[in-house]
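Enquirer: Here it is, the structure, as structure tokens.
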Amino acid sequence: MRKYIFLFLLLGWSAGASAFVYEAYNGNVEFDHRFHRDKFACKECHSGPPGHMEFDRESAHTFCIGCHERKKAGPIKHCAECHKVS
Numbered sequence: 005m006r007k008y009i010f011l012f013l014l015l016g017w018s019a020g021a022s023a024f025v026y027e028a029y030n031g032n033v034e035f036d037h038r039f040h041r042d043k044f045a046c047k048e049c050h051s052g053p054p055g056h057m058e059f060d061r062e063s064a065h066t067f068c069i070g071c072h073e074r075k076k077a078g079p080i081k082h083c084a085e086c087h088k089v090s
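All residue numbers for the sequence shown refer to our numbering, where the first residue is 5 and numbers rise by one.
Put into structure tokens, the structure is as follows:
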């Protein structure tokens, strides 16, 4: 299975960044960090070293969709809700 590794840096300068784009074969995913940062504590998503998150396809789906299901918010039903083909 083809894996995509995403490096998610949230140190200083990037903590204020509003969005990150993750490339995927079926459409890129835009993650609005500022929106999520304003609603949740950092530790809800970041358990590893500060400013570092890595995702492969499987863990990103488990992490993102799992959180959206628990919070009963955000896209979870259709790929195109997150994956945008440009």
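For each residue, glycine too, the CB sits at the ideal point set by N, CA and C.
1. Excluding the five sequence neighbours on either side, which residues of its own chain have a C-beta within less than 7 Å of the C-beta of residue 26, listed in chain order?
2. In chain order, what residues of the same chain have a beta carbon less than 6 Å from the beta carbon of residue 41, not counting five sequence neighbours either side?
3. Is it buried or exposed, residue 84, if we count other Cβ atoms within 10 angstroms and call 16 or more buried?
4. Starting from residue 32, follow its DSSP beta bridges and name the residues at the other end.
5. Return the CA-CA distance between residue 86 and residue 78, expressed in angstroms with no decimal places.
6. With DSSP as the reference, label residue 27 as helix, strand or coil.
Expert: Quick look at the numbers:
1. In the sequence shown, residue 26 corresponds to position 22, counting from 1. The beta carbon of residue 26 is closer than 7 Å to those of 10, 32, 33 and 35 in its chain, skipping five residues each way along the sequence.
2. Position 37 of the sequence shown, counting from 1, holds the residue named residue 41. Nothing meets the Cβ criterion.
3. Along the sequence shown, read from residue 1 onward, the residue named residue 84 stands at position 80. Flag for residue 84 reads exposed.
4. Here residue 32 corresponds to residue number 28 of the sequence shown, with the count starting at 1. Paired residues: 88.
5. The residue given as residue 86 occupies position 82 in the sequence shown. The residue given as residue 78 occupies position 74 in the sequence shown. In a straight line, the C-alpha of residue 86 is about 9 Å away from that of residue 78.
6. As a working mapping, residue 27 is identified with position 23 in the sequence shown. Reduced to three states, the DSSP call for residue 27 is coil.
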